[in-house]
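Shown next, in structure tokens, is the structure this report addresses.
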């Protein structure tokens with residue numbers, strides 16, 4: 013029991029840091045909707061993994077299948093935008109592919125076995141109630157990729173968001189940075205959904221960035237990190253008090269924080 | 090490759106999705122020049138700048154910027170050309186400070202992580218003082234007025250000591266006094282540093298006193314010459330179909346006059 017609590021708290025702190033850094037960059041780059049579409053891809057990828065595992069005994073861990081599928085779709089989205097399609101078209105494409113797969117594969121997985129169904133369901137509500145050492149290992153590995161890259165290239169992402177034509181004119185390789193940004197967002201979505209479930213991941217992906225931009229432009233990442241850590245840790249204790257899943261508590265705290273900033277910064 | 094001192098367009102065509110944006114554009118501008126590209130909306134003015142920058146590849150024809158092909162020699166072009174985009178294309182919600190925006194022009198010369206050096210910061214201060222914005226180095230871009238924002242973008246375009254300055258609608262969203270101030274600033278830069286300047290604009294009145302070279306564009310290049318030669322009713326009628334002449338006053342149509 014102690015182990016489980018420790019694993020969960022470590023996971024929550026790690027995903028808070030990842031989301032705290034990525035959420036403002038996604039908000040500034042106007043790809044929050046794409047990030048949300050990636051959450052659909054995460055679930056579709058998980059269903060592919062579950063199907064492969066239970067129907068043909070292919071031993072790919074479900075999170076790896078989910079992450080791989082999400083990154084492939086994030087690259088598709090980046091290429092669509094680079095080819096001149098609006099971001100909304102990329103969102104629609106990712107959502108269409110993912111939801112068709114979810115509807116089809118979800119039906120098939122539900123008929124394979126109750127275990128397969130419960131594994132799929134864990135992606136909806138998150139593994140926060142039964143996190144394992146393997147899950148933590150995947151989260152840490154993904155964070156080791158995400159955080160240094162976001163920190164190293166955040167200036168470039170900001171320049172491109174500010175004025176893409178000038179970024180190109182001054183020699184930034186915009187295509188490459190778009191591929192990188194979208195893949196990192198896909199990876200972020202994947203680990204958030206793994207721990208918190210795709211519903212609450214929606215909130216944690218959006219709230220910190222919006223809150224930080226509203227609260228103060230000078231302390232963007234610090235505010236976003238503070239919001240993320242507060243929502244996840246306070247949410248966990250709320251969930252403990254109310255005897256609900258941790259992801260539920262986190263969702264409640266995040267939503268209240270967002271409402272609070274709108275009330276405080278009204279006008 | 091032979092380096093030269095001119096901007097050359099030779100029978101250049103640009104198409105977007107099969108629709109023409111520029112048709113058979115041929116001209117030559119000898120450095121240093123002070124030029125204004127004018128024409129109605131969707132005349133291809135911004136496309137012309139993007140062709141010079143190498144951001145748009147011509148469908149046909151030859152472009153040379155000081156002897157360089159902008160597509161093949163993009164790196165050389167970037168060190169020779171400074172670019173200031175339309176304010177409308179800049180996302181002011183991105184919380185960047187003036188120093189960061191101006192420094193983009195030099196930071197892209199380095200490999201990531203792109204970190205300021207002392208000499209870069211000095212150069213940022215230098216160009217900001219040139220455009221009268223040195224006191225705003227630590228301000229956020231979205232805290233500035235329209236005219237101040239335009240000055241910051243001009244400072245960024247100047248940071249690499251460009252031989253050619255390209256400015257897309259630098260007078261948009263500014264009142265007349267501010268337009269004249271920016272026009273003066275650009276003309277001073279042209280004179281002081283021998284910089285060639287190409288300004289895309291609808292509003293010519295703030296530049297008219299400098300007698301710039303006018304490129305009258307509406308997909309085709311209808312005229313090229315000094316303002317006092319080109320800005321006549323007969324010439325303007327070719328590019329602006331709705332031009333009207335009311336006793337010494339030429340009304341161009343749309344919202345330009």
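Protein chains in written order, with the working numbering: chain A, 13 to 279; chain B, 90 to 346.
Note that beta-carbon positions come from the ideal geometry of N, C-alpha and C, so glycine has one too.
Predicted model only: the values in this text are computed from it and were never measured.
Where residue i sits in the DSSP three-state scheme
| i | result |
| --- | --- |
| residue 330 of chain B | coil |
| residue 321 of chain B | coil |
| residue 198 of chain A | helix |
| residue 99 of chain B | strand |
| residue 149 of chain B | strand |
| residue 123 of chain B | strand |
| residue 344 of chain B | For residue 344 of chain B, the predicted model reports a pLDDT of 47, less than 50, meaning its position is unreliable and no value from the coordinates is stated. |
| residue 182 of chain A | coil |
| residue 2 of chain A | The structure shown does not extend to residue 2 of chain A, since chain A is modelled only from 13 to 279, so the question has no answer here. |
| residue 261 of chain B | coil |
| residue 22 of chain A | helix |
| residue 160 of chain B | coil |
| residue 131 of chain B | coil |
Backbone CA spacing between residue i and residue j [nearest angstrom]
| i | j | result |
| --- | --- | --- |
| residue 305 of chain B | residue 167 of chain B | 26 Å |
| residue 33 of chain A | residue 157 of chain B | 41 Å |
| residue 320 of chain B | residue 161 of chain A | 54 Å |
| residue 255 of chain B | residue 274 of chain B | 14 Å |
| residue 23 of chain A | residue 240 of chain A | 13 Å |
| residue 308 of chain B | residue 75 of chain A | 54 Å |
| residue 298 of chain B | residue 195 of chain A | 52 Å |
| residue 141 of chain B | residue 165 of chain B | 12 Å |
| residue 278 of chain A | residue 317 of chain B | 53 Å |
| residue 186 of chain B | residue 156 of chain A | 29 Å |
| residue 64 of chain A | residue 71 of chain A | 8 Å |
| residue 346 of chain B | residue 125 of chain B | Unreliable placement is indicated for residue 346 of chain B, whose pLDDT of 44 sits below 50; the coordinate value is still reported in the next sentence. Residue 346 of chain B and residue 125 of chain B: Cα-Cα distance of roughly 15 Å. |
| residue 125 of chain A | residue 139 of chain A | 19 Å |
| residue 259 of chain A | residue 233 of chain A | 23 Å |
| residue 99 of chain B | residue 108 of chain B | 20 Å |
| residue 295 of chain B | residue 269 of chain B | 5 Å |
Sequence-distant residues of the same chain with beta carbon closer than 7 Å to residue i, five excluded per side
| i | result |
| --- | --- |
| residue 192 of chain B | 205, 209 and 213 |
| residue 31 of chain A | 200, 204, 216, 217, 220 and 240 |
| residue 235 of chain A | 223, 224, 227 and 228 |
| residue 148 of chain B | 102, 103 and 104 |
Unbroken beta strand (DSSP E) run spanning residue i, endpoints
| i | result |
| --- | --- |
| residue 256 of chain B | 253 to 257 |
| residue 315 of chain B | 309 to 315 |
| residue 170 of chain B | 170 to 173 |
| residue 287 of chain B | 285 to 289 |
Span of the alpha helix (DSSP H) around residue i
| i | result |
| --- | --- |
| residue 130 of chain A | 126 to 137 |
| residue 274 of chain A | 258 to 276 |
| residue 60 of chain A | 44 to 68 |
| residue 86 of chain A | 74 to 94 |
| residue 235 of chain A | 232 to 254 |
| residue 135 of chain B | 134 to 142 |
| residue 185 of chain B | Careful: residue 185 of chain B lies outside any alpha helix (DSSP H) and carries neither H nor E. |
| residue 236 of chain B | 235 to 247 |
| residue 213 of chain A | 210 to 227 |
| residue 214 of chain B | 207 to 219 |
Cβ-based neighbour list, residue i, same chain, cut-off 6 Å, excluding 5 preceding and 5 following
| i | result |
| --- | --- |
| residue 163 of chain B | 143 |
| residue 312 of chain B | 305, 319 and 324 |
| residue 110 of chain B | 103, 133 and 136 |
| residue 344 of chain B | The pLDDT assigned to residue 344 of chain B is 47, lower than 50, so where the model puts this residue is not dependable, and the model offers no usable value. |
| residue 151 of chain B | 99 |
| residue 263 of chain A | 212 and 215 |
Close Cβ partners of residue i (< 8 Å) along its chain, the five nearest in sequence each way excluded
| i | result |
| --- | --- |
| residue 225 of chain B | 187, 217, 233, 237 and 241 |
| residue 170 of chain B | 141, 142, 154, 251, 252, 253, 254 and 255 |
| residue 159 of chain A | 29, 30 and 33 |
Self-check item: Residues from the segment 197 to 218 of chain A in contact with chain B, defined by Cβ distance under 9 Å
Solution: none
Quiz prompt | chain B contacts from the segment 144 to 178 of chain A (Cβ-Cβ distance under 9 Å) | solution = 163, 164, 165, 167, 168, 170, 171, 173, 174, 175, 176, 177 and 178
Exercise. Using a Cβ-Cβ cut-off of less than 8 Å, give me the residues of the segment 175 to 186 of chain B that come near chain A, in sequence order.
Key: 178, 179, 180, 182, 183, 184 and 185
Self-check item: Interface residues of the segment 29 to 48 of chain A facing chain B [CB-CB below 7 Å]
Solution: 40
Quiz prompt | Contact set between the segment 113 to 144 of chain A and chain B, restricted to residues whose Cβ is under 7 Å from the partner | solution = none
Self-check item: Residues, ordered as in the chain, of the segment 235 to 259 of chain A that lie near chain B by beta-carbon distance below 8 Å
Solution: none
Self-check item: chain A contacts from the segment 190 to 212 of chain B (Cβ-Cβ distance under 8 Å)
Solution: 190, 193, 194, 196, 197, 198, 201, 202 and 203
Quiz item: Of all the residues that make up the segment 180 to 198 of chain A, which are near chain B by a beta-carbon distance shorter than 8 Å?
Solution: 180, 181, 182, 183 and 184
Quiz prompt | Short-range partners of chain A found in the segment 131 to 157 of chain B, where Cβ spacing is below 7 Å | solution = 142 and 144
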